[in-house]
Amino acid sequence: MATLLAALTTALVALMGYWINQHAKRREQKSRMYAEALQVIHSYEDLPYLIRCRPASDPATRAALAQQISDVFTKINLHQNLLLMDSHAVGEAYADLFQQTRRHAGPHRLEAWNTPPVATDSDMSGRAYFPYDNQPEQELCLLAMRRELTPWGWLLRPHTHRQIRLLRHRRTPWSEPDFMRETRARLLSPRSGAND
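Residue numbers for the sequence shown follow our numbering, so the first one is 177 and each next one is one higher.
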């Protein structure tokens, strides 16, 4: 009996060690995947700045920027699919983050394309202002990712789904706050450029 108990204890310890090692490996892989997915969102937010700071308005420059934009969209699509396969809660939170960011990114890119390329060093300082109202979605996405990295993340998924639905229902249509509008007007006014 003692031998059987010792063998069971040894097997249980070995299984626990194996499970802990596997969880650590999965956590490292997921952490990397989550960080890369969030980095792509930041790259997406930076597209209007890249367009605004383009070196010229010629076909070659437009083609190069179009390729960069296409690459970012391809990576976002890839990460959306990977995250949905990994965890539906994380995939949903990431999709909401992208959708909210996208609401502002299109008009920002249009504004950047309609602005002449930066010609002088003084034009670089504070001449572009592209705000995003996606902080609640970003925080919820980070929360979903952090929960998935825990050993009991699957138990927290229903609560994460509820928070996602709640945020969707609470979210009001975005309009640029007065202070952002005033900052944009100040930064983009011709007088502001003369004082820089």
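The beta-carbon is built from N, C-alpha and C at its ideal position, and this holds for glycine as well.
- Inclusion of proline 293 and arginine 230 in the CB contact set at 8 Å is warranted, their separation being smaller than that value.
- Taking all protein chains in view, the Cβ of valine 216 is crowded by 16 or more other Cβ atoms within 10 Å, so the residue is classified as buried.
- With a cutoff of 8 Å on beta-carbon distance, leucine 343 and leucine 319 are scored as not near each other.
- The beta carbon of lysine 206 sits closer than 7 Å to the beta carbons of Asp262, Glu324, Leu325 from its chain, once the five residues preceding and following it are set aside; these are given in chain order.
- DSSP, reduced to helix, strand and coil, places proline 307 outside both helices and strands of the structure shown, so it counts as coil.
- If you keep only unbroken alpha helix (DSSP H) runs of at least 4 residues inside the segment 211-275, you get 235-262.
- No Cβ-Cβ contact shorter than 8 Å links leucine 223 with arginine 278.
- Taking 8 Å as the cut-off, the beta carbon of phenylalanine 306 is found closer than this to the beta carbon of tyrosine 225.
- Approximately 11 Å separates the beta-carbon atoms of alanine 269 and arginine 333; this is outside 8 Å, ruling out the contact.
- In the three-state reduction of the DSSP assignment, threonine 186 falls in the helix class.
- In this structure alanine 304 is buried. Its beta-carbon is surrounded by 16 or more other beta-carbon atoms within 10 angstroms.
- Under the DSSP assignment, proline 334 falls in the alpha helix (DSSP H) whose first and last residues are 329-346.
- Using a Cβ distance threshold of 8 Å, glutamate 313 and leucine 258 do not count as a contacting pair.
- At a Cβ-Cβ threshold of 8 Å, valine 248 and serine 219 count as neighbours.
- Shortest Cα-Cα distance from leucine 254 to any of Gly193, Ala213, Tyr308, Gln244 involves Ala213.
- Collapsing the DSSP output to three states places leucine 181 in a helix.
- When DSSP states are grouped into helix, strand and coil, proline 293 belongs to the coil group.
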